[in-house]
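If you read the sequences in order, they're chains A, B, C and D. Just so it is clear: in the first sequence, position 117 is 117 by UniProt numbering, and no numbers are missing. Just so it is clear: in the second sequence, position 58 is 58 by UniProt numbering, and no numbers are missing. Just so it is clear: in the third sequence, position 279 is 279 by UniProt numbering, and no numbers are missing. Just so it is clear: in the fourth sequence, position 283 is 283 by UniProt numbering, and no numbers are missing. No residue lacks a Cβ here, since even glycine has one placed at the ideal position from N, Cα and C. Note that this is a predicted model, so its numbers are computed, not measured. What follows is one structure encoded as structure tokens, with my remarks underneath.
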Amino acid sequence: MQYSQKVMDHFMNPRNVGEIQNADGVGTCGNPVCGDLMTFYVKIEPRTDNLDMARITEIRFKTFGCGAAIAVASMASEMAKGKTLSEVVDLSRDDVADNLDGLPPVKMHCSNLGVQAIQEALKDYLTKMGRRDLASKIKGCSKEEH
Amino acid sequence: MQYSQKVMDHFMNPRNVGEIQNADGVGTCGNPVCGDLMTFYVKIEPRTDNLDMARITEIRFKTFGCGAAIAVASMASEMAKGKTLSEVVDLSRDDVADNLDGLPPVKMHCSNLGVQAIQEALKDYLTKMGRRDLASKIKGCSKEEH
Amino acid sequence: MIYLDYNATTPTDSRVVEAMLPYFHDISANPSSIHTAGHKAREALEGSRTALAELLKSRNDEIYFTSGGTEADNTAIKGTSFAQDKRKKIITSAIEHHAVLTTCEYMKKFGFRVVKVPVDHYGVVDLDFLEQEVDDNTLIVSIMHANNEVGTIEPLEKIGEIVHRHGVIFHTDAVQTVGKIPIDVRTSGIDMLSLSAHKFCGPKGIGALYVRKGVRFDPLSHGGHHEGGKRAGTENVPGIVGLGKACEIALDEMSAEEKRIRKLRDRLWQGISERIPELKLNGHPEKRLANTLNVSVKYVEGESMLLQLDARGIFASSGSACTSGSLEASHVLLAMGLPHDMAHGSLRFSCGRYNTERDIDKVIEVFPGIVEKLRVMSPLYRP
Amino acid sequence: MIYLDYNATTPTDSRVVEAMLPYFHDISANPSSIHTAGHKAREALEGSRTALAELLKSRNDEIYFTSGGTEADNTAIKGTSFAQDKRKKIITSAIEHHAVLTTCEYMKKFGFRVVKVPVDHYGVVDLDFLEQEVDDNTLIVSIMHANNEVGTIEPLEKIGEIVHRHGVIFHTDAVQTVGKIPIDVRTSGIDMLSLSAHKFCGPKGIGALYVRKGVRFDPLSHGGHHEGGKRAGTENVPGIVGLGKACEIALDEMSAEEKRIRKLRDRLWQGISERIPELKLNGHPEKRLANTLNVSVKYVEGESMLLQLDARGIFASSGSACTSGSLEASHVLLAMGLPHDMAHGSLRFSCGRYNTERDIDKVIEVFPGIVEKLRVMSPLYRP
Ligand SMILES: Cc1ncc(COP(=O)(O)O)c(C=O)c1O
Ligand SMILES: Cc1ncc(COP(=O)(O)O)c(C=O)c1O
């Protein structure tokens, strides 16, 4: 596996590793059967007027997975931090991979996993907020990938 | 082709090369199509009482052929020289090959050719002597081999 | 740099390289040429054949040089299959190298049925299953001598006995054992055996297939009359000379080396298992290659450990070199009944000729910290 | 020693050996391994692929490394045959190397029909015959670029045109031309091309198959995911590096070398044909490899000339290296219409990188005496 310098940096020194005790949202995607599992924890600065504009103030993750999975989780956490919900929902796997200066083709699914697990955390938050309607519009984990 | 020292000696310095102008018998076996052709010339010391005891006093050969063919002709000529007709008829291809310290398997047919061409020369002699009956008992060239 | 990936490939011994060098330029003719230069090349070739025959206890004319273990495996399976059209069943094991497994799969295209013998938790083939499957329709049974991922050694003699009761050909992929442990084709019931030089400090790109006299097979590559008409192509003389030299060295040093390497391997296992909780040793506890240590590290994925080790100059492998590039967990570990996460969390250390105690101690020093760091990051881990 | 058997094989250039050496021990990991040591090996591998792609003007992903020309030929013919089951006709020429001819013959076992295109007196394939034979049932046409025995160069572009009119695959065995004369796979209409490193001062045991993107073929050897899944087996890294270096050298020096060698070859022909009556030049007078001189010496058999030359330290060949061991006259010369005795009386001088004028002059000095001696011994000769 030939990883970029960026990937190796995030793999060796992952940002935002850990859990958040009283997280506003928690999301997990992946499956140890496939060798990749990610859990994201988020703290949200609430916006009662417009939930879309609520902002991720803190984000932490845990990952069981390959080098790419760890780097993706780290990069995705950095990209999501401080962003609004609507901004985060627009993040694509290619954004993450691009910010890592690319991923080997066989590892592209990992970058999907990062974005999706964060989305799951947002869904969790929205559900807790009683906004199942908004939560259902967010994709979250895809069954086909894992 | 890995030839023995003996073969190489007879190939590089073949004995009895040439023709005999007034030969008592001339015999040819082989075929340029197969890449081997041998002609033997013999002088015979006649024995009117018992032709079997007639003796080859002189022998010469010409060969178109591979290294083994030339060495075989040379060796066979040496082996036949001074021998009686009955002795020469008993010579086998293995005798020639053995005296050359062996031949590669694919070249064994060459040693047959040597013996047979000498036999043809004897047949020629016997035929000229009016002894077609004796000549027909000698095998000479085999059609199967060439 | 600490290289612990000898089952993937080995450095070529400098004595081997030394032996090869004259055959690149000075003695570089075609062994099929009839001139003196050709003879010299031919002699070197046949010298290597003798060395290999000695190592395997075979006859010289039972050895066919190939371009490696994969070609030998392919020749054995395809060659015997295409040389006949009566028997249409191929039996192999669930833990073979891809060179055997994929080849067997391919033969389905030609009407062959493929049966895979399962293995137990240690990776030993199920002899009862084999016994039930071998029948008069079976052409060949291909079961490896020792597994490349976990090192488990299969009971060749017993397999040979079962196989031969039905007049079936017994092929073994001995790529991981030739040069490492003694083999005697005369007593082991093996009909065909594959080997590869680069697994025992010989050069890459050369191997051989042993074929017991009388076993019929079609060549994999057709062409000139090389190797008794059974493997066409201008012979790789330097490679063959290197293989021969590797055999000579193995004959001399194998038994002492095996002891030395076993010590290193056991030292490594002791060192890490004392320091890291929840490690699982994969493979047979005793009937196992002396150089191979395959462990599953709970809660952690293999590649991430590999990369962390790599960053510290330690080179190991996760499963086999080939599976490392893929996403699927090792078919060997799964066949041995490991759960997926444990299979994904496996790591193979394979020692060899140039490893020292210092190498091992460095790994013992560094590895626990790596595991700890990755476990702390793992959502599966609850300390 | 004067080596004039470059078409059989060549010495490996010392620059090539130099380039290979680090890859035996220092950079000896498996290119499939994901650790840093593996990456270094992988980089070397891909560097060689680039060098070869440059030489052929192909893309990198159209190159598959093999163990030599024979394996490349076998892969092309068997691989395309087994990858489909519609087209059942294989067309080749009467003067192919055994690696192609025997492989085609073998495919009859699998229901393929084989047609051999005849050649003219110079060894050039009969395009009209080809035109008539290529049809919608034809899978592949395999016609060599230049013949190994006589050096005649076939009209690839014209063949490609005919072949492609019917959607047929065009394979060429370019083992004798790669590294000697320019090749451009983009403009020549070639779909598949075989080459072998040891024919242009690279190492033995390594070659390649070029396959135009989109042409389907089954691997000859199955196993790991090497070479895009098309050629399994741990890559022969030193060999591949050697092949790459040989390509680089060829790119740099080919055109100057070709001129130099042509001069030597022509000097040889002039020298011997002036001194020896009844010599016949075999092969095309112009469209011929610059290094190849095949002559038939009337009244004399080839092997005996070879041995006499050998005794004087001159190494040539009679027909191809492979046919030298057999009793049959060269199928190439017979296909060109030579009578048997002239075919048996053929000799091939093939020059190369390390030949000098002195070598040539020595042959000119020695050869006439040898011929004379053997002619005097010949029953066919009447001076
Ligand atoms: C058990 C086993 N069989 C076959 C092979 C294939 O050998 P090679 O890569 O030399 O073709 C290997 C190693 O790659 C192996 O470990
Ligand atoms: C025209 C031609 N094709 C194929 C081959 C086979 O190549 P290799 O011997 O490298 O397998 C040769 C030489 O032996 C050749 O001259």
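By how many angstroms is the C-alpha of residue j removed from the C-alpha of residue i?
i        : j        : result
D:Ile159 : D:Tyr210 : 18 angstroms
C:Arg212 : C:Lys108 : 26 angstroms
A:Gly102 : A:Gly114 : 14 angstroms
D:Thr102 : C:Ile140 : 26 angstroms
D:Val215 : D:Gly167 : 11 angstroms
C:Leu56  : C:Ala174 : 11 angstroms
D:Glu286 : D:Gln84  : 40 angstroms
A:Thr39  : A:Leu134 : 21 angstroms
A:Arg132 : C:Leu347 : 43 angstroms
C:Gly233 : D:Phe110 : 22 angstroms
C:Tyr3   : C:Arg312 : 11 angstroms
D:Glu227 : A:Lys137 : 44 angstroms
D:Val16  : C:Val366 : 40 angstroms
D:Ser330 : C:Glu248 : 40 angstroms
D:Glu235 : D:Asn30  : 8 angstroms
Measure from the C-beta of residue i to each C-beta in chain A and report whether the shortest distance is under 8 angstroms.
i        : result
C:Leu268 : no
C:Pro379 : yes
C:Leu309 : no
Spell out whether any CB of chain D is found under 8 angstroms from the CB atom of residue i.
i        : result
C:Glu43  : no
B:Val33  : yes
C:Ile364 : no
C:Gly224 : yes
C:Tyr6   : no
B:Gly67  : yes
C:Leu220 : yes
Within 10 angstroms of the Cβ of residue i, are there 16 or more other Cβ atoms? Answer buried if so, exposed if not.
i        : result
D:Met1   : exposed
D:Lys230 : buried
D:Asn60  : exposed
D:Met336 : buried
B:Thr57  : exposed
C:His171 : buried
B:Met53  : exposed
B:Asn22  : exposed
D:Glu328 : exposed
B:Phe61  : buried
C:Gln308 : buried
D:Gly369 : exposed
D:His198 : buried
D:Lys204 : buried
A:Gln119 : buried
Shorter than 7 angstroms, the distance from the beta carbon of residue i to the closest heavy atom of ligand 2, or not?
i        : result
D:Thr356 : no
D:Met336 : no
D:Gly202 : no
D:Ala99  : yes
C:His225 : no
D:Ala318 : A quick correction: the sequence has Ser, not Ala, at residue 318 of chain D. It does not: the Cβ of D:Ser318 is nowhere closer than 7 angstroms to a heavy atom of ligand 2.
D:Asn291 : no
Of all the CB atoms in chain C, is at least one closer than 8 angstroms to the CB of residue i?
i        : result
D:Ile1   : It should be noted that the sequence gives Met, not Ile, for residue 1 of chain D. So, interface residue.
A:Lys56  : First, the amino acid is wrong: residue 56 of chain A is Ile here, not Lys. Cβ-Cβ to chain C under 8 angstroms: no for A:Ile56.
D:His171 : no
A:His118 : The amino acid at residue 118 of chain A is misidentified as His; the sequence shows Ile. Judged by the 8 angstroms Cβ criterion, A:Ile118 is not in contact with chain C.
Is residue i near ligand 1 - that is, is its Cβ less than 7 angstroms away from at least one heavy atom of it?
i        : result
C:Met144 : yes
C:His198 : yes
Cβ closer than 8 angstroms: which chain E residues qualify as neighbours of residue i?
i        : result
C:Ala316 : In the structure shown, chain E does not exist; the protein chains are A, B, C and D.
| Residues in the region 332 to 361 of chain C with C-beta within 7 angstroms of chain A's C-beta atoms, listed in sequence order? | The region 332 to 361 of chain C vs chain A, Cβ under 7 angstroms: His340, Asp341, His344.
| query | Residues in the region 190 to 210 of chain C with C-beta within 8 angstroms of chain D's C-beta atoms, listed in sequence order? | reply | Of all residues in the region 190 to 210 of chain C, Ser196, His198, Pro203, Lys204, Gly205, Ile206 have a Cβ within less than 8 angstroms of some Cβ in chain D.
| field | Under 8 angstroms (Cβ pairs) to chain D, residues found in the region 287 to 304 of chain C | value | Contact annotation: in the region 287 to 304 of chain C, residues whose CB is within less than 8 angstroms of a CB in chain D are Glu303.
| field | Contact list for the region 13 to 33 of chain A against chain C, Cβ threshold 8 angstroms | value | Answer set for the region 13 to 33 of chain A: Pro14, Val17, Thr28, Pro32, Val33.
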